[in-house]
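Trainee:
Number of protein chains: 2
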Amino acid sequence: MDVTGHTRRPASIRDVASAAGVSYQTVSRVINDHPSVRPATRERVLAAIETLGFRRNATALALASGRSRGVTVLTANTTHYGYAAILQGIEEAARAASYAVGIRVLESDDAPAVAAEVRRAADAGGGLVVIAYDPAGVRALAAVPAGLPVVGVVETPASPPKGDRPWVWTDDRAAAYEATRHLLALGHRTVHYITIPSSTRRTAARTEGWRQALTEAGAAVPRPLQGSWGPAGGYSAGLKLARDPSVTAVLCGNDDLALGVLRALHETGRRVPDDVSVAGFDDAPHAAYLTPSLTTVRLDFTGLGRAAFALLHGVLEKSDRIAPHPVSVPELVVRESSAAPPADR
Amino acid sequence: MDVTGHTRRPASIRDVASAAGVSYQTVSRVINDHPSVRPATRERVLAAIETLGFRRNATALALASGRSRGVTVLTANTTHYGYAAILQGIEEAARAASYAVGIRVLESDDAPAVAAEVRRAADAGGGLVVIAYDPAGVRALAAVPAGLPVVGVVETPASPPKGDRPWVWTDDRAAAYEATRHLLALGHRTVHYITIPSSTRRTAARTEGWRQALTEAGAAVPRPLQGSWGPAGGYSAGLKLARDPSVTAVLCGNDDLALGVLRALHETGRRVPDDVSVAGFDDAPHAAYLTPSLTTVRLDFTGLGRAAFALLHGVLEKSDRIAPHPVSVPELVVRESSAAPPADR
DNA sequence: CTGAAAGCGCTTACAG
DNA sequence: CTGAAAGCGCTTACAG
Chain Z
1 MDVTGHTRRP
11 ASIRDVASAA
21 GVSYQTVSRV
31 INDHPSVRPA
41 TRERVLAAIE
51 TLGFRRNATA
61 LALASGRSRG
71 VTVLTANTTH
81 YGYAAILQGI
91 EEAARAASYA
101 VGIRVLESDD
111 APAVAAEVRR
121 AADAGGGLVV
131 IAYDPAGVRA
141 LAAVPAGLPV
151 VGVVETPASP
161 PKGDRPWVWT
171 DDRAAAYEAT
181 RHLLALGHRT
191 VHYITIPSST
201 RRTAARTEGW
211 RQALTEAGAA
221 VPRPLQGSWG
231 PAGGYSAGLK
241 LARDPSVTAV
251 LCGNDDLALG
261 VLRALHETGR
271 RVPDDVSVAG
281 FDDAPHAAYL
291 TPSLTTVRLD
301 FTGLGRAAFA
311 LLHGVLEKSD
321 RIAPHPVSVP
331 ELVVRESSAA
341 PPADR
Chain Y
1 MDVTGHTRRP
11 ASIRDVASAA
21 GVSYQTVSRV
31 INDHPSVRPA
41 TRERVLAAIE
51 TLGFRRNATA
61 LALASGRSRG
71 VTVLTANTTH
81 YGYAAILQGI
91 EEAARAASYA
101 VGIRVLESDD
111 APAVAAEVRR
121 AADAGGGLVV
131 IAYDPAGVRA
141 LAAVPAGLPV
151 VGVVETPASP
161 PKGDRPWVWT
171 DDRAAAYEAT
181 RHLLALGHRT
191 VHYITIPSST
201 RRTAARTEGW
211 RQALTEAGAA
221 VPRPLQGSWG
231 PAGGYSAGLK
241 LARDPSVTAV
251 LCGNDDLALG
261 VLRALHETGR
271 RVPDDVSVAG
281 FDDAPHAAYL
291 TPSLTTVRLD
301 FTGLGRAAFA
311 LLHGVLEKSD
321 RIAPHPVSVP
331 ELVVRESSAA
341 PPADR
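This is the structure we're talking about:
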């Protein structure tokens, strides 16, 4: 110790051992809650740990034991609402389980670049959670080498995942189905759809749900418009739709797209919901405060993140029964932006 | 190798050494770009690395060398725009420097809980970036033990930081001053202010800038209203202000607060900007797409995150000259939500 | 230019 | 119940 009270080098189990008058193996037993330690010995060790301010070196633990109590999240984005909320859920659950969480952004969706990022993520040790909502993420999930513990956060898959590589998802099909049904029930002849950027699969679950609702109602199925993740994409898609006077209802892949659509409709003089109804996905924090407030489908991304970590935790700890982590069902939230079409008024 | 082509245990430097017919120290020299290795030897080692798919074990590297090429970000939040953008900037810069980034959320601002989180963050090894925009963050920054490399992302400080514990910040005072001046120049008699949650200092820089602009103009200085980080706080503060017919200009601590204020004014029948002007801070992605589009002050949080990492990198690598990382100056962006007050029309 | 030794701070068998 | 040994995969001096 120097005069400031800080040890130059943190105390190791050997320091604790000599302070407590035991061998360092005994210290190891105490900090690992090994049963076969005499209570008196344990007390002495605990006291030495306290006075020396000992903290077990996580790096040495990882090297010696071969496990690292860490998750790395691989994602193409950290700021869009869905991604950010998933990350929040993962961090929450990881912290509760005393896991460290790392984050690595996939800047490119170029296959070799993605593969390199996956390798670097694996270098951290521990498990992986890959957010596979976009081409980069989908590629990353596919590029994870066998034997590496990984959970994918995916769009609703066409077929269930393999047992050792679990996935989590929200019920995208049901979400889109509900939202479309809501708009049709208001009297709209059809519902136009602006998508978030698609991952690899042409028949995304949301598109399916939307199409199914239209088909069941005998409504025409317009061609979906490709949007982006942010308001700008909704704005430009909205300008296109605004030129078509037959458009009376627009479903948007997320609330930020919807925000852009609202703006585009405003600028082109189409009133919402009087002339056009708009609905989104997510129920992001701002959805309720827009004017008009936004009809949307609430998706529990934070819960999804928690579930992803719980699954990963299960495979890492090889617990027999992985606790089923239900992700809440998408819930339609009707607000001001949806109403009957002009013809019905 | 088994039939699937995956080694059970990853190749170590000893495996590479025996494959290349050299000692493992030589392998260590090659992977560390040590100059004194004969080119022919280097080639053989490189070839063995390639064929065995060797990757240096980061954990062992950290344990043996005592440095870990990692940053842990300590923050009370990961989803609000400013926090998320800072995190994005840190990750970007860290990835470019081949650093791993960890994230740990401060759920409580209770002093012992914060101290515990700081200790756990330190356990990861490497450096720390603490986002000190709120009580939890401010406490965390103060609780970082001496000797641990740390950079604080802070509100504009009253006095400059110590040399070995650098801070970064945006010019909050100038930002608030500019926004307030803009509103006064439009003819408003005064500007009401809704704050984001204050950290410890009563006289936050933004409040100072706002007050200074008012005082210089000889305007009355109303009592600031306490908001939150999200739209809900802006909404309730906005309802209060809407009851006062003398309120014609409102400055909001961030764009999400402004969104809530817009909603409150709409619900109470006060038109923006005809009756009341509203301005925010941040220029978040949605600000330009709101109706009315939002006058705001653009703050470069991503650049701030990059700068924070650059500073940390400097102290970790003990480079003599820490590259000055300029954070761009706040920039007023005038949009539809601000105009002359009703009296002047 | 290259190799043999010691050690980073732990854990995991193996003794007693 | 407790201790002595070997080892996790590297790096850092120290030899030659």
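Chain order of the listed sequences is Z and Y. For the first sequence, UniProt numbering puts the final residue at 345, and the numbers step up evenly by one. For the second sequence, UniProt numbering puts the final residue at 345, and the numbers step up evenly by one. Just so you know, even glycine gets a beta-carbon here, dropped at the ideal spot from N, CA and C. On a predicted model such as this, the values are computed, not experimentally measured, just so you know.
1) Starting from Q88 (chain Z), find everything on chain Y with Cβ-Cβ shorter than 8 Å and list it in chain order.
2) Please name the residue in Y:I49, Y:E317, Y:P341 and Y:A279 whose C-alpha comes closest to that of G126 (chain Y).
3) Can a CB atom of chain Y be found closer than 9 Å to the CB of R14 (chain Z)?
4) Just to confirm, does S338 (chain Z) get its C-beta within under 8 Å of one of the non-hydrogen atoms of the ligand PLP?
5) Using a Cβ cut-off of 8 Å, pull out every chain Y residue sitting near A85 (chain Z), in sequence order please.
6) Using a cut-off of 9 Å between C-beta atoms, extract the partners of R263 (chain Z) located in chain Y.
7) Give me whichever residues DSSP pairs with V250 (chain Z) in a beta bridge.
8) If I'm right that residue 366 (chain Z) touches V150 (chain Z) with Cβ under 8 Å, what's the distance once you round it to whole angstroms?
9) Can a CB atom of chain Y be found closer than 9 Å to the CB of R56 (chain Z)?
10) For S98 (chain Z), which residues from the same chain have a beta carbon less than 8 Å from its beta carbon, with the 5 sequence-adjacent residues on both sides left out?
11) Do you know offhand how far G238 (chain Z)'s Cα is from G260 (chain Z)'s?
12) Taking beta-carbon pairs under 7 Å, can you tell me which members of the stretch 306 to 318 of chain Z lie near chain Y?
13) Listing by chain order, which chain Y residues have their CB less than 8 Å from the CB of T59 (chain Z)?
14) So who's on the other strand from G303 (chain Y), going by DSSP bridges?
15) Would you decide whether G269 (chain Z) is buried or exposed? Buried here means 16 or more other CB atoms lie within 10 Å of its CB.
16) What first and last residue would you give for the alpha helix (DSSP H) that runs through T75 (chain Y)?
17) Pull out every residue of the stretch 211 to 234 of chain Y whose Cβ sits closer than 9 Å to any Cβ of chain Z, in chain order.
18) Please decide whether Y24 (chain Y) counts as near chain Z, where near means a Cβ-Cβ distance under 9 Å.
19) Taking a Cβ distance cut-off of 8 Å, strictly less, list which residues of the stretch 252 to 286 of chain Y are near chain Z, in chain order.
20) On the CB-based measure, 16 or more other CB atoms within 10 Å of its CB, does V329 (chain Z) come out buried or exposed?
21) So for W167 (chain Z), helix, strand or coil by DSSP?
22) I need the boundaries of the alpha helix (DSSP H) containing R297 (chain Z), first residue and last residue.
23) Would R95 (chain Y) pass as an interface residue toward chain Z - the criterion being a Cβ-Cβ separation below 9 Å?
24) Spell out the partners DSSP gives V105 (chain Z) in its beta bridges.
25) So which residues on chain Y does R119 (chain Z) lean against when the C-beta distance must stay under 8 Å?
26) Please decide whether E91 (chain Z) counts as near chain Y, where near means a Cβ-Cβ distance under 9 Å.
27) Between Y:P292, Y:T207, Y:D109 and Y:P222, which lies nearest to G253 (chain Y) when the distance is taken from Cα to Cα?
28) What are the boundary residues of the beta strand (DSSP E) that V153 (chain Y) is part of?
29) Does any C-beta atom of chain Z lie closer than 9 Å to the C-beta of M1 (chain Y)?
30) Please list the partners that V101 (chain Z) has in chain Y, where partner means a Cβ-to-Cβ separation under 7 Å.
31) Report yes if the CB atom of L46 (chain Z) is closer than 9 Å to the CB atom of A19 (chain Z), and no otherwise.
32) Could you check whether the Cβ of H6 (chain Z) sits closer than 9 Å to any Cβ belonging to chain Y?
33) 9 Å is my cut-off, CB to CB: does T51 (chain Y) come that close to chain Z?
34) Specify whether the stretch 174 to 190 of chain Z and the stretch 139 to 148 of chain Z touch according to this definition: at least 3 beta carbon pairs, one from each stretch, less than 8 Å apart.
35) With DSSP collapsed to three states, give me the class of L186 (chain Z).
36) Taking the beta carbon of H192 (chain Z) as the centre, do at least 16 other beta carbons fall within 10 Å, making it buried, or is it exposed?
Mentor: Taking the coordinates as given:
1) Under the 8 Å cutoff, chain Y gives T78, T79 and V105.
2) Comparing Cα positions, the closest option is Y:E317.
3) Not an interface residue.
4) No copy of the ligand PLP occurs in the structure displayed, which carries no ligand at all.
5) The answer, in chain order, is T79.
6) A288, Y289, L290, T291 and S293, listed in chain order.
7) According to DSSP, V250 (chain Z) bridges with Z:H192 and Z:V278.
8) Nothing about residue 366 (chain Z) can be read from this structure; chain Z reaches only from 1 to 345.
9) Answer yes: the Cβ-Cβ gap between R56 (chain Z) and chain Y drops below 9 Å somewhere.
10) Excluding sequence neighbours, S98 (chain Z) sits near R69.
11) G238 (chain Z) and G260 (chain Z): Cα-Cα distance of roughly 7 Å.
12) Flagged: no residues at all.
13) Result: T59, A62, L63, S68 and G125.
14) DSSP lists no bridge partner for G303 (chain Y).
15) The residue is exposed, with fewer than 16 neighbouring Cβ atoms inside 10 Å.
16) Here T75 (chain Y) belongs to no alpha helix (DSSP H); instead the beta strand (DSSP E) covers G70 to T75.
17) Taking 9 Å as the Cβ-Cβ cut-off against chain Z, the residues of the stretch 211 to 234 of chain Y that qualify are G230, P231, A232 and G234.
18) No - not a single Cβ of chain Z is within 9 Å of the one on Y24 (chain Y).
19) Using a CB distance below 8 Å, the part of the stretch 252 to 286 of chain Y facing chain Z consists of D256, L259, G260, L262, R263, H266, P285 and H286, ordered along the chain.
20) Around the beta carbon of V329 (chain Z), fewer than 16 other beta carbons sit within 10 angstroms, so the residue counts as exposed.
21) Residue state, collapsed to three classes: strand.
22) Residue 297 (chain Z) is actually Val in this sequence, not Arg. Premise fails: V297 (chain Z) lies in the beta strand (DSSP E), T295 to R298, not in any alpha helix (DSSP H).
23) With respect to chain Z, the C-beta atom of R95 (chain Y) has a partner C-beta closer than 9 Å.
24) According to DSSP, V105 (chain Z) bridges with Z:T75.
25) Residues of chain Y passing the Cβ test: R55.
26) Yes, E91 (chain Z) counts as interfacial toward chain Y.
27) The shortest C-alpha separation from G253 (chain Y) is found at Y:T207.
28) Counting along the chain, the beta strand (DSSP E) containing V153 (chain Y) begins and ends at V150 to V154.
29) Any answer about M1 (chain Y) is weak, because its pLDDT of 36 lies below 50 and its placement is not dependable; what the coordinates show is given next. Against chain Z, the CB of M1 (chain Y) has no partner CB under 9 Å away; the residue lies outside that interface.
30) Among the residues of chain Y, those whose CB is under 7 Å from the CB of V101 (chain Z) are G102 and I103, following chain order.
31) Annotated as distal: L46 (chain Z) and A19 (chain Z), with beta-carbon spacing of 9 Å or more.
32) For H6 (chain Z), the pLDDT reaches just 42, beneath the cut-off of 50, and the residue's location in the model is therefore unreliable, although a value from the coordinates is still provided. Chain Y contact via Cβ: present.
33) Any Cβ of chain Z closer than 9 Å to the Cβ of T51 (chain Y) would place that residue at the interface, and such an atom is absent.
34) Contact check between the stretch 174 to 190 of chain Z and the stretch 139 to 148 of chain Z: fewer than three CB pairs, one atom from each, fall below 8 Å, which does not count as touching.
35) Residue state, collapsed to three classes: coil.
36) With 16 or more Cβ atoms within 10 Å of its Cβ, H192 (chain Z) is classed as buried.
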